[in-house]
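One line per chain: the protein sequences are A and B, in this order. The numbering of the first sequence is the working numbering, which starts it at 1 and goes up by one. The numbering of the second sequence is the working numbering, which starts it at 625 and goes up by one. One structure is given here, and the rest of the page talks about it.
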Amino acid sequence: MIDAPARFASITDFEGFARSLRSQDRTGTRSVRLCMGTGCQAKGAARLYELFEEAIESASGRGQAGNIEVKPTGCHGLCQRSPIVVVEPAGIFYQQVEEPDVAEIFRETVLGGRVVPRLLYQDPESGRKLEAAEEIPFYKVQQRIVLSQNGRIDPTKITDYIAEGGYSALVKALTSMTPEEVIAEVEVAGLRGRGGGGFPTARKWRSCRSAAGGPKYVIGNGDEGDPGAYMDRSLMEGNPHSVIEGMLIGAYAIGSEKGYIYVRNEYPLAVKYLRTAISQAQEIGLLSENILGTSFSFDIQINRGGGAFVCGESTALMASLEGRPGEPRAKYVHTVESGLWGKPTNLNNVETWANVPHIINRGGKWLAGIGTEKSKGTKVFSLVGKIANSGLVEVPMGITLRRIIYEIGGGMRDGKKFKAVQTGGPSGGCIPAEHLDARVDYEELTNLGSMMGSGGLIVMDEDTCMVNVARYFTDFLLNESCGKCTPCREGLAQMRHILQGITKGDGQAGDVEKLQALAEILSGAALCALGTTAANPVLSTIRYFRDEYDAHILDRRCPAKECRGLFIYQIDAEACKGCGICLKNCPVDAIMGERKAPHVIDQQKCTRCGTCWEKCPFTAVRKV
Amino acid sequence: MNQDSSLIEQIVERYDTDVGMLIPMMQDLQAECGYLPPDDLRALAKRLNVPLMRLYAVATFYASFRLAPKGAHEVSLCMGTVCYLKGSAGISQAICKEFKVAPSGTTADRLFTFTAVNCVGACALAPVMVVDGKYYDGVTSESALEILQGLGPAEQAAQADAKEAAE
Chain A
1 MIDAPARFAS
11 ITDFEGFARS
21 LRSQDRTGTR
31 SVRLCMGTGC
41 QAKGAARLYE
51 LFEEAIESAS
61 GRGQAGNIEV
71 KPTGCHGLCQ
81 RSPIVVVEPA
91 GIFYQQVEEP
101 DVAEIFRETV
111 LGGRVVPRLL
121 YQDPESGRKL
131 EAAEEIPFYK
141 VQQRIVLSQN
151 GRIDPTKITD
161 YIAEGGYSAL
171 VKALTSMTPE
181 EVIAEVEVAG
191 LRGRGGGGFP
201 TARKWRSCRS
211 AAGGPKYVIG
221 NGDEGDPGAY
231 MDRSLMEGNP
241 HSVIEGMLIG
251 AYAIGSEKGY
261 IYVRNEYPLA
271 VKYLRTAISQ
281 AQEIGLLSEN
291 ILGTSFSFDI
301 QINRGGGAFV
311 CGESTALMAS
321 LEGRPGEPRA
331 KYVHTVESGL
341 WGKPTNLNNV
351 ETWANVPHII
361 NRGGKWLAGI
371 GTEKSKGTKV
381 FSLVGKIANS
391 GLVEVPMGIT
401 LRRIIYEIGG
411 GMRDGKKFKA
421 VQTGGPSGGC
431 IPAEHLDARV
441 DYEELTNLGS
451 MMGSGGLIVM
461 DEDTCMVNVA
471 RYFTDFLLNE
481 SCGKCTPCRE
491 GLAQMRHILQ
501 GITKGDGQAG
511 DVEKLQALAE
521 ILSGAALCAL
531 GTTAANPVLS
541 TIRYFRDEYD
551 AHILDRRCPA
561 KECRGLFIYQ
571 IDAEACKGCG
581 ICLKNCPVDA
591 IMGERKAPHV
601 IDQQKCTRCG
611 TCWEKCPFTA
621 VRKV
Chain B
625 MNQDSSLIEQ
635 IVERYDTDVG
645 MLIPMMQDLQ
655 AECGYLPPDD
665 LRALAKRLNV
675 PLMRLYAVAT
685 FYASFRLAPK
695 GAHEVSLCMG
705 TVCYLKGSAG
715 ISQAICKEFK
725 VAPSGTTADR
735 LFTFTAVNCV
745 GACALAPVMV
755 VDGKYYDGVT
765 SESALEILQG
775 LGPAEQAAQA
785 DAKEAAE
């Protein structure tokens, strides 16, 4: 470990330090990289860390340890198989590691250099045990740029980030590029907003740079409110310095001295790591006054959100930063001219910021070489739902949904049939099987009635009722609507009322048309993006799953058998063992039958509560 | 009212009396007291020279603020899309029924405060329940009730908190 001086007085000093870190001789160093992301922590990774530390200590007591380190890192991505442990230098990838496994990994792999096959990932198709992460299909298809250092570095150590090349892009920008050249490079890269809007980043920066007045502010939006999405969380937890470095470069380009990162309150670990990262950067002179001895000054402050989804919207977020309720305002005056405190303000999502150092280091042309004509680079998604491999993935723009779901995600879980993939968060849409070959880019997803959004990909199977999904999102948005404008406040309430009726079996002919009419008003008249896109889940499910709406309304039937009352429970006489558990648990005595003989449900008495279905140990109760 | 009236003073000074930092100040107050005590809100409004109404607007707009004391334990059930698809609505109902508590409410014996939250960002673990910061993955109605029934009584937890604070 090399100690950093209190504060670098010049770029030369910093570069010398960085060079010594990057050229450290690591031969003979064995390293255990332990994922400490939220998923792995929930499965006991913190305890594994302690056990590895103890193992190293006792080995060094015996004089065996040499250069062994255990490194807590951010999310490795394959959350389905957490906790994840990688042993370097060979890069052996162990998954679903439990406490008793630590001793064996340490003895066999770390000290002995042998593999423990039992803990390797087994390819479900070939049955082969795979040793390295790169061999696993989940990782093989991905292209990791923003996440490239996640899982490699300790997010609480700035030296780890610098050793991997961190802050070299800042140095490059400060020493050899004018602010205009930085913006031009980002323009060549074709970078667009990763928070969902897809607005060209360079154009935003340029407008803010040329806006009159000051001071100017830059904001990192980490208020990841979409349910079913955790890309920003993993980035802020796994590599906070990449966000800070991106913001520094942006601030230099725009001419700002003050930045904010707005993080969800529900992400305590992200707040903690960002705080640590900021204070480390301040200590060595990468933040605050006269950065690395230059005339450029910039500092970042963290604000925690208060648990309001609408604060992901830029004007609402700025209202929140001013200490007010997060209500959006109309944007005929752009925030780049009049944003926070009425001053020019440039807001980008944290993933957008994390792309910037890579663009400066490798050049805009390099990023522009990845992706489609209008969508460049990569996008991080949280691939979740009824899929075999849930996790965090980064893919080049233009990859098909099918490849993400089947090659990376390993297809559907429990042999179920794919029904839809929901993209773009609560204001996104559901894309059905016939469009699985659609390419992931901003325009194509919008054409399909959904959107890129911040990057949630939620896979749904045949057991998911699409009308109920629409109701769920409408419910969510209604709860999160700030109530400032009428179309959103009242329109969503009406839509929910209609959708609730349909899912309860009270749907009326003409309901679908009413929903469409309300949707049109919302998209045309609501004040902010929450309102204008709020009808997407309803419209996209009507567009692709109209038959399910009709089945609910006309036949009083839920094809996915999810909406209570729109299907019945029956006992399969062949599977029923006559154990009597259902009979005992039925709250309305609707089940009859002798012991050890098949039981029957009296459909007149049955209230469809589902207790028998939950309690039956032989899954003899079926939904019909 | 917090006995130590310097608490408001400390919090306000932490943010240089900047009214723009009202939300972080209120977050700090809640972190200290577990909720936003009305008298402290009054004192804060007076200290910052803003109408109390403005603090009330903020306190009621953001879901994470509480105007009533919380229970000994904090229980959050994730209602994000993936958790919902995997049955969290049923789990929420089971908890509410078993412990006679409403979402965002506290049990009568102050054992725990139950919050159904939008998404905790741990979707690979769905359905997720977070009890006092510990994540439980793949919960079912049965396992959730079992976890909550295993919670120590309110007094014990309060003592444990005090002990932790003392250390």
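Built from N, CA and C at the ideal position, the CB exists for glycine as well. A quick note: this is a predicted structure, and the numbers were derived from the prediction, not measured.
- Interface residue (Cβ-Cβ distance to chain B less than 8 Å): residue 228(A) is classified as such.
- In the displayed model, residue 623(A) falls within a strand according to three-state DSSP.
- Boundaries cannot be given for residue 267(A), as no alpha helix (DSSP H) includes it and DSSP labels it neither H nor E.
- Residues of the region 449–462 of chain A with a C-beta less than 8 Å from any C-beta of chain B: 456, 458 and 460, listed in chain order.
- Annotated as distal: residue 117(A) and residue 97(A), with beta-carbon spacing of 8 Å or more.
- For residue 87(A), the closest alpha carbon among the candidates 131(A), 126(A), 304(A) and 357(A) is that of 131(A).
- At a cut-off of 8 Å between beta carbons, residue 532(A) makes no contact with chain B.
- In the structure shown, residue 697(B) adopts extended strand secondary structure according to DSSP, grouped into three states.
- For residue 31(A), the enclosing beta strand (DSSP E) begins and ends at 29–35.
- Taking the Cα of residue 684(B) as reference, the smallest distance to any Cα among 480(A), 614(A), 408(A) and 595(A) is reached at 480(A).
- Selection 589(A), 616(A), 597(A) and 444(A) evaluated against residue 603(A) yields 589(A) as nearest (Cα-Cα).
- With fewer than 16 other Cβ atoms inside 10 Å of its own Cβ, residue 332(A) counts as exposed.
- Between residue 423(A) and residue 450(A), the C-beta gap is smaller than 8 Å, which places the two residues in contact.
- Collapsing the DSSP output to three states places residue 130(A) in a strand.
- A straight line joining the alpha-carbon of residue 29(A) with that of residue 108(A) spans about 16 Å.
- In the structure shown, residue 396(A) falls within a strand segment according to DSSP collapsed to helix, strand and coil.
- Annotated three-state conformation of residue 603(A) is coil, per DSSP.
- Here DSSP, grouped into helix, strand and coil, assigns residue 232(A) to helix.
- Residue 624(A) counts as exposed, since fewer than 16 other beta carbons sit within 10 angstroms of its beta carbon.
- For a Cβ distance threshold of 7 Å, residue set 323 of chain A lies close to residue 645(B), ordered along the chain.
- With a cutoff of 8 Å on beta-carbon distance, residue 568(A) and residue 608(A) are scored as near each other.
- The secondary-structure analysis by DSSP pairs residue 220(A) across a beta bridge with 261(A) and 348(A).
- Taking the Cα of residue 240(A) as reference, the smallest distance to any Cα among 191(A), 210(A), 162(A) and 171(A) is reached at 162(A).
- The region 705–713 of chain B and the region 31–43 of chain A do not touch, with fewer than 3 CB-CB distances between them shorter than 8 Å.
- Two segments are said to touch when three or more pairs of C-beta atoms, one from each, lie closer than 8 Å; by this definition the region 233–247 of chain A touches the region 267–275 of chain A.
- For residue 684(B), the enclosing alpha helix (DSSP H) stretches over residues 676–685.
- Judged by DSSP secondary structure, residue 247(A) falls within the alpha helix (DSSP H) whose first and last residues are 240–254.
- Residue 69(A) is bridged by DSSP to 31(A).
- Counting along the chain, no beta strand (DSSP E) covers residue 115(A), and no H or E run does either.
- In this chain, the beta strand (DSSP E) harbouring residue 299(A) covers 299–304.
- In this structure, the alpha-carbon of residue 777(B) lies about 49 Å from that of residue 542(A).
- By a beta-carbon distance limit of 8 Å, residue 263(A) does not contact residue 300(A). Their separation comes to about 12 Å.
- When Cβ-Cβ separations below 8 Å define contact, residue 743(B) makes contact with chain A.
- Under the DSSP assignment, residue 378(A) falls in the beta strand (DSSP E) whose first and last residues are 378–385.
- Note: residue 192(A) is bridge-paired with 200(A) in the DSSP secondary-structure output.
- Taken through DSSP and simplified to helix, strand or coil, residue 139(A) comes out as helix.
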